[in-house]
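Novice:
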Amino acid sequence: MKIVALFPEAVEGQENQLLNTKKALGLKTFLEERGHEFIILADNGEDLDKHLPDMDVIISAPFYPAYMTRERIEKAPNLKLAITAGVGSDHVDLAAASEHNIGVVEVTGSNTVSVAEHAVMDLLILLRNYEEGHRQSVEGEWNLSQVGNHAHELQHKTIGIFGFGRIGQLVAERLAPFNVTLHTMIQSINKTIIV
Numbered sequence: 001m002k003i004v005a006l007f008p009e010a011v012e013g014q015e016n017q018l019l020n021t022k023k024a025l026g027l028k029t030f031l032e033e034r035g036h037e038f039i040i041l042a043d044n045g046e047d048l049d050k051h052l053p054d055m056d057v058i059i060s061a062p063f064y065p066a067y068m069t070r071e072r073i074e075k076a077p078n079l080k081l082a083i084t085a086g087v088g089s090d091h092v093d094l095a096a097a098s099e100h101n102i103g104v105v106e107v108t109g110s111n112t113v114s115v116a117e118h119a120v121m122d123l124l125i126l127l128r129n130y131e132e133g134h135r136q137s138v139e140g141e142w143n144l145s146q147v148g149n150h151a152h153e154l155q156h157k158t159i160g161i162f163g164f165g166r167i168g169q170l171v172a173e174r175l176a177p178f179n180v181t182l183h184t185m186i187q188s189i190n191k192t193i194i195v
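The opening position of the sequence shown corresponds to residue 1 in the numbering used here, with each subsequent residue numbered one higher.
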């Protein structure tokens, strides 16, 4: 089986990250020992296109996707599976994949906690005027009024969460101890519900 992976080029000093051309999620040895051909690419253009006719699987990353358009899918008669090593499949033409019996998979839920925690962290950074406080700390100064004049507490604020899926619900759970008032917007196919 020919498996093609598209990952960002390994950057000096970051070679040990799993998601790059050097580490390739640790798959190279694993797959080759099992008799598979494993091709690692850093180019989403011509390099990928030349492998379309005989590849069986494409693996890419959410922030470095292999754009599997209808045109590319039609040039890949052996393609059985398009894998995202993370969350999201908007880089794959799902209708074309379905028509050609290509499975499209992702690692659903793999980063929901991280994203929810990051959202709460961003909220606190903005509210507490962290950037100014950090700048002053690094520069060896501290002007409390300059930091404090633009800092606010999260407690008792009204917070809106747009989208209340897995991540939105986790954000709400993490905000609960702050005694905030939450409003959520849930969008369905036919209507938008604001709670």
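Glycine included, every Cβ here is placed at the ideal spot set by N, Cα and C.
If you're wondering where the values come from, they're calculated on a predicted model, not measured in any experiment.
(1) Is it buried or exposed, G109, if we count other Cβ atoms within 10 angstroms and call 16 or more buried?
(2) For G109, does the three-state DSSP call read helix, strand or coil?
(3) Is the beta carbon of I39 sitting closer than 7 Å to the one on V4?
(4) Under the DSSP definition of a beta bridge, which residues are partnered with E37?
(5) What would DSSP say about Y64, mapped onto helix, strand or coil?
(6) In whole angstroms, what is the alpha-carbon distance linking M1 and A61?
(7) Which residue's Cα is closest to the Cα of M68: A95, L182 and V87?
(8) Measuring CA to CA, which of L81, E173 and E139 is closest to E117?
(9) Of the residues H100, V171, V180 and I161, which one's Cα is nearest the Cα of Q187?
Specialist: According to the structure data:
(1) Walking along the sequence shown from the start, residue 109 turns up at place 109. Exposed, since its Cβ has fewer than 16 Cβ neighbours within 10 Å.
(2) The residue you call residue 109 lines up with position 109 of the sequence shown. Looking at G109 - three-state DSSP - the assignment turns out to be coil, as it is neither helix nor strand.
(3) Here residue 39 refers to the residue found at position 39 of the sequence shown. Here residue 4 refers to the residue found at position 4 of the sequence shown. Yes.
(4) For the purposes of this step, residue 37 is taken as the residue at position 37 of the sequence shown. The partner list for E37 (beta bridge, DSSP) reads K2.
(5) Position 64 of the sequence shown, counted from the start, is the residue given in the question as residue 64. In this structure, Y64 counts as strand in the three-state DSSP scheme.
(6) Your numbering for residue 1 matches position 1 in the sequence shown. Your numbering for residue 61 matches position 61 in the sequence shown. For M1 and A61, the distance between alpha carbons rounds to 20 Å.
(7) Here residue 68 refers to the residue found at position 68 when the sequence shown is read from its first residue. Residue A95 is the option with its Cα nearest to M68.
(8) As a working mapping, residue 117 is identified with position 117 in the sequence shown. Of the listed residues, the one whose Cα sits closest to E117 is E173.
(9) Here residue 187 corresponds to residue number 187 of the sequence shown, with the count starting at 1. Of H100, V171, V180 and I161, the residue nearest in Cα terms is I161.
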